[in-house]
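Engineer: Got a structure here, written out as structure tokens. Questions coming.
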Amino acid sequence: MPSILVYLVRHGETEENRQHIIQGQLNTQLNETGRDQARRLAVGLRDTEFARAYSSDLTRAVDIDLLKASDWCKQTAQAVLKLHPGTPLVPQKALRERYFGALQGKVRTSRDNPPDAELLDDLVNRSLTWWDATIVPLTGAESIPGARILVVSHGGFIAGLIQGMGRKKEYDIGKAGGRILNTGITILKLEPGGSGSVLQYSNVDHLQEVKGDVVETNVDDVDIKA
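Just so we're aligned, residue 0 is where the sequence shown starts under numbering that gives the first Met the number 0, counting upward by one.
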């Protein structure tokens, strides 16, 4: 059976990203820059045919205008899928960002997290559980030969997933690690036997014309103290 390629994409920029406000699992919206990033992402992926598409159910990941900004990962995903109308989008709660409890909606003033925040290990385990339940079967009984899968989620979630793949699944992640930029594209190759490798990490070539305006920090990311 042939391998599959999984395109892990972070949502476009939100005003909270620019103001360094921790969003966690708050339902925020893409700002003007984020909407432009999502459109540029869509153009960059227009020639990539996706067999399936998944996203976080938080707004910054889904609508660009089809869902009237109802849900940010879904905003980003819908921008891409406007050029792939035959690919249905499946929003999933498991793809949400790390939960930061009482810190959500605030600017971080220390490196400590509140006691109600999701532990880093719990985030990593959640991401791997989702991967094993949703993506791995696509190389077996539910195989889609040569498929490309779109997954739109959050910087902390994607970075945690890659970290877990290197630590717990022994995938070849190379030097992959660090912050995932807004609309950064990470590509993983998954083999039928269960092995995997990172081919690309947080690539933003589609933002080349506006790269100087990209927010380089991510206060929701996993390099913050667990």
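Glycine included, C-beta positions come from ideal geometry on N, C-alpha and C. Every value quoted in this text rests on a predicted model; they were computed, and no experiment measured them.
Check the DSSP bridge columns for residue 196 and list the partner residues they point to.
Structural biologist: Its beta-bridge partners are 171 and 188.
Engineer: Mind checking residue 41: buried by the 16 CB within 10 Å criterion, or exposed?
Structural biologist: Counting C-beta atoms within 10 angstroms of its own C-beta, residue 41 has 16 or more neighbours from the protein chains shown and is therefore classed as buried.
Engineer: Helix, strand or coil for residue 3 per DSSP?
Structural biologist: strand
Engineer: Any idea what DSSP makes of residue 291, helix, strand or coil?
Structural biologist: The question about residue 291 has no answer here: the residues shown for the chain are numbered 0 through 225.
Engineer: If contacts are defined as beta-carbon pairs under 8 Å, then residue 132 and residue 88 qualify, I think. What distance do you get, rounded to the angstrom?
Structural biologist: The pair is not a contact, with the Cβ atoms about 18 Å apart (cut-off 8 Å).
Engineer: Looking at residue 3 and residue 160, is the spacing between their C-beta atoms short of 7 Å?
Structural biologist: no
Engineer: So who's on the other strand from residue 202, going by DSSP bridges?
Structural biologist: Residue pairing by DSSP places residue 202 opposite 184 in a beta bridge.
Engineer: Please name the residue in 146, 96, 92 and 203 whose C-alpha comes closest to that of residue 218.
Structural biologist: Nearest C-alpha to residue 218: 96.
Engineer: Jot down the residue ranges of each uninterrupted alpha helix (DSSP H) in the segment 86–168, minimum 4 residues, whole runs only, in chain order.
Structural biologist: 119–133 and 154–167
Engineer: Skipping 5 residues on each side, what residues in its chain have a beta carbon closer than 7 Å to that of residue 157?
Structural biologist: Around residue 157, the same chain offers 7, 9, 179 and 185 as residues with beta carbons nearer than 7 Å, after the five sequence neighbours per side are excluded.
Engineer: If you draw a straight line from the alpha carbon of residue 112 to that of residue 15, how long is it in whole angstroms?
Structural biologist: 18 Å
Engineer: Quick one: which unbroken beta strand (DSSP E) runs of 3-plus residues sit fully inside the segment 37–61? Chain order, please.
Structural biologist: Restricted to the segment 37–61, the beta strand (DSSP E) segments that are unbroken, complete and at least 3 residues in length are 51–55, listed in chain order.
Engineer: Can you give me the C-alpha to C-alpha distance between residue 33 and residue 18, rounded to a whole angstrom?
Structural biologist: 13 Å
Engineer: For residue 147 and residue 43, what's the separation of their Cα atoms in angstroms?
Structural biologist: 15 Å
Engineer: Using C-beta distances below 7 Å, list every residue in its chain close to residue 37, excluding the 5 sequence neighbours before and after it, in chain order.
Structural biologist: 11, 29, 63, 74, 75, 78 and 182
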